[in-house]
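Sequence order for the protein chains is A and B. Sequence positions in the first sequence follow the numbering used here and run 12 to 217. Sequence positions in the second sequence follow the numbering used here and run 74 to 364. Take a look at the structure below.
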Amino acid sequence: MTRMGKFKWGWCLVLAGTVGGMPLCSRSSQTANPKPQVDLKAPGFQEFSDRVQKYVQLHKSMEATLPKLKSTNEPELIVAHERALGRKIREARFHAKRGDIFTPAATAAFRKAMAAEFQGPHATHAQATMKQGAPLKKVHLRVNQIYPDSVPYTSVPPTLLQNLPRLPEEVVYRAVSQDLVLLDAKTNLVLDFIVGVIPPGAGENQ
Amino acid sequence: MRIKRRVFLFGLTLLLATAPRAEDFKFPLKSNSVRFAAIGDMGTGETPEYETAQQMSEQRKVFPFDFVIALGDNIYGRHDAVDLEKKFASPYKSLLDGGVKFYASLGNHDDAGIERFYKPFNMNGSNYYSFKKGNVQFFALDSNYMNPKQMEWLQKELQGASGSDWKICFFHHPLYSSARKHGPATDLRLLLEPIFIKYGVNAVFSGHEHVYERILPQKGIYYFTEGSSGQLRAGDLDRSSITANGFDSDRAFMLVEIAGDEMYFETVSRTGKTVDSGVIHRQQAAAAAKP
């Protein structure tokens, strides 16, 4: 360690002793869990949740036709299961198109909720999250296609997630550039998406 | 004024004289201590990952750690069976063969559908989970997707872990960071930090930034970023007022021993050089974890 490094280490101990040595009870909490700021009972969200539930029923019925997936040392089995499930779901909803789940009413409700997040008190933090892990290249989303596994995910701002309708474990929200995407959590199948719901600049590719 | 300066310099000298330094650092290797390694952003399948893994095996000869926490981006790019072999099973073969267990958390490059069922990652089909080793409770979180369900789970688990002396959380996105590329996940911090404080989390390990950084205690919690066990963003660390120490010129990993109320840590480069080390004392959690 360099002389400079030792010096900094000494300072670290001074601060650690004064700050880190404090009992946890004396620490102050800055922010409580944010309460939902949007009306999750809005008709658009209700319609969305109903459509999601219908999808989950389909997902479960397709999954029931496959051997139950358990933790394994053989990744071939996991990959095969994921692909088989994805194939079955795609075939079962070959007719799927944009707007099936994010209906016009649902889209309006989501746009309102997203606008509240990106213009609200957490806007700066939410935008910072979007810039943290945006896809490295443009992803061309298509309903019923698999999200490419070589493209990283962008975190959905956690404060935003607290303000959106809850999803069953089979389905997740994802943010891709300016779009909000609904993905199957087990197969990475794109179920539906809303274009341009995230403000420009927040989710720019990096 | 002169007296004050003398007192200050004496205090500083005393601290420097008694502080453990990298070249003096030794793990106590106490019986029943909890020993582990921490790696992040490693799954490239390229030579530096293999060399870093090899160095971990070398270090294990003198510091026999039992398990590894993986801080996300465990597998980059495609997730076919051949990728998991090349980017994980093969580089860490000697550790796996030696009985070392890996506990993975998910990064933005990971495929949850695949990795949570991959037995060597010990996720048991879940994106987030906890496990106990000795007097330490570990919480692996999915910082890609901090939804209300996970938040509720975390609070319940932390509350239920009041019997553990140490509570350690690990996940991909750092709440505090001085790296240039991404910076801190402040949105995530808004949600997690109050919970960490309330329930007495002692230390947090993250990755995502391809450097090593130790943060000065923030509201009493120790934060480490180790995202350079395979990837490296050389020169990306912009040391700030919260940086206690850092390393951004080569790959690295962490070794940790928790013995009683002390946590000993050493950060080792790919070439075996100690780039940081020290001891932290467990914070008291007198009023923590009240429902």
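Beta carbons are placed, not taken as given, at the ideal position from N, Cα and C, and that holds for glycine.
{"Item": "The alpha helix (DSSP H) enclosing M125/A, as first and last residue numbers", "Value": "115 to 130"}
{"Item": "DSSP beta-bridge partners of T347/B", "Value": "V341/B"}
{"Item": "Distance CB(T340/B)-CB(Y285/B) smaller than 8 angstroms", "Value": "yes"}
{"Item": "Spatial neighbours of F56/A in its chain, beta-carbon cut-off 6 angstroms, leaving aside the 5 residues before and after", "Value": "A120, P176"}
{"Item": "For S106/B, the nearest candidate out of T117/B, D139/B, E124/B, P121/B (CA to CA)", "Value": "D139/B"}
{"Item": "Chain-ordered chain B contacts of L172/A [CB-CB under 8 angstroms]", "Value": "Y218, M219, N220, P221"}
{"Item": "Partners in chain B for T219/A, counting only beta-carbon separations shorter than 9 angstroms", "Value": "A query on residue 219/A cannot be resolved here, the shown segment of chain A reaching from 12 to 217 and no further."}
{"Item": "Min CB distance N155/A to chain B below 8 angstroms", "Value": "no"}
{"Item": "Rounded straight-line distance, which links the Cα of G333/B to that of P101/B", "Value": "11 angstroms"}
{"Item": "Minimum C-alpha distance to V208/A - residue among Q189/A, L202/A, V67/A", "Value": "Q189/A"}
{"Item": "Contact check, N181/B vs S166/A, beta carbons under 8 angstroms", "Value": "yes"}
{"Item": "Buried/exposed call for V155/B, threshold 16 Cβ in 10 Å", "Value": "exposed"}
{"Item": "Three-pair Cβ contact test at 8 angstroms for the segment 264 to 284 of chain B versus the segment 236 to 250 of chain B", "Value": "yes"}
{"Item": "Contacts around S130/B, its chain only, beta-carbon distance under 7 angstroms, and the 5 residues preceding and following it disregarded", "Value": "S167, L168"}
{"Item": "Buried or exposed (CB count within 10 angstroms, at least 16 for buried), H246/B", "Value": "buried"}
{"Item": "Option in E230/B, D323/B, A177/B with minimal Cα separation from G303/B", "Value": "D323/B"}
{"Item": "Among P78/A, K52/A, Q64/A, L51/A, nearest to L193/A - alpha-carbon criterion", "Value": "Q64/A"}
{"Item": "For D238/B, three-class secondary structure by DSSP", "Value": "coil"}
{"Item": "Inter-stretch contact (C-beta, 8 angstroms, three-pair minimum) for the segment 253 to 269 of chain B and the segment 114 to 125 of chain B", "Value": "no"}
{"Item": "Rounded straight-line distance, which links the Cα of M219/B to that of Y66/A", "Value": "23 angstroms"}
{"Item": "Contact set for F204/B: own chain, Cβ-Cβ below 6 angstroms, skip 5 residues either direction", "Value": "F211"}
{"Item": "Proximity to Y149/B [Cα-Cα], best of K160/B, D170/B, E266/B", "Value": "K160/B"}
{"Item": "Own chain, CB closer than 7 angstroms to H8/A, minus 5 neighbours either side, in chain order", "Value": "Examination of residue 8/A is not possible in this model, given that chain A is present from 12 through 217 alone."}
{"Item": "Own chain residues within Cβ distance below 8 angstroms of E119/B, not counting five before or after", "Value": "G303"}
{"Item": "Alpha-carbon spacing of P290/B relative to T76/A, whole angstroms", "Value": "51 angstroms"}
{"Item": "Cβ distance (whole Å) where I157/A is taken to contact I187/B below 8 angstroms", "Value": "Not a contact, Cβ separation roughly 12 angstroms."}
{"Item": "For T76/A, the three-state DSSP class (helix, strand or coil)", "Value": "coil"}
{"Item": "Residue ranges of each beta strand (DSSP E) within the segment 140 to 196 of chain B, 3 or longer", "Value": "140 to 143, 174 to 177"}
{"Item": "Limits of the unbroken beta strand (DSSP E) element including R108/B", "Value": "107 to 112"}
{"Item": "Inter-residue spacing [alpha-carbon to alpha-carbon] between P211/A and H151/A", "Value": "17 angstroms"}
{"Item": "Reduced DSSP secondary structure (H/G/I, E/B, other) of R219/A", "Value": "A query on residue 219/A cannot be resolved here, the shown segment of chain A reaching from 12 to 217 and no further."}
{"Item": "Chain-order list of residues whose beta-carbon lies under 8 angstroms from that of P136/A (same chain, five-residue window excluded)", "Value": "The sequence as given places His at residue 136/A; Pro does not occur at that position. The answer, listed in chain order, is P168, T170."}
{"Item": "Unbroken alpha helix (DSSP H) run spanning I270/B, endpoints", "Value": "259 to 272"}
{"Item": "Contact under 8 angstroms by Cβ, K79/A with V154/A", "Value": "no"}
{"Item": "Residue of L248/B, S216/B, D238/B, S235/B minimising C-alpha distance to L172/A", "Value": "S216/B"}
{"Item": "Alpha-carbon spacing of Q132/B relative to E230/B, whole angstroms", "Value": "33 angstroms"}
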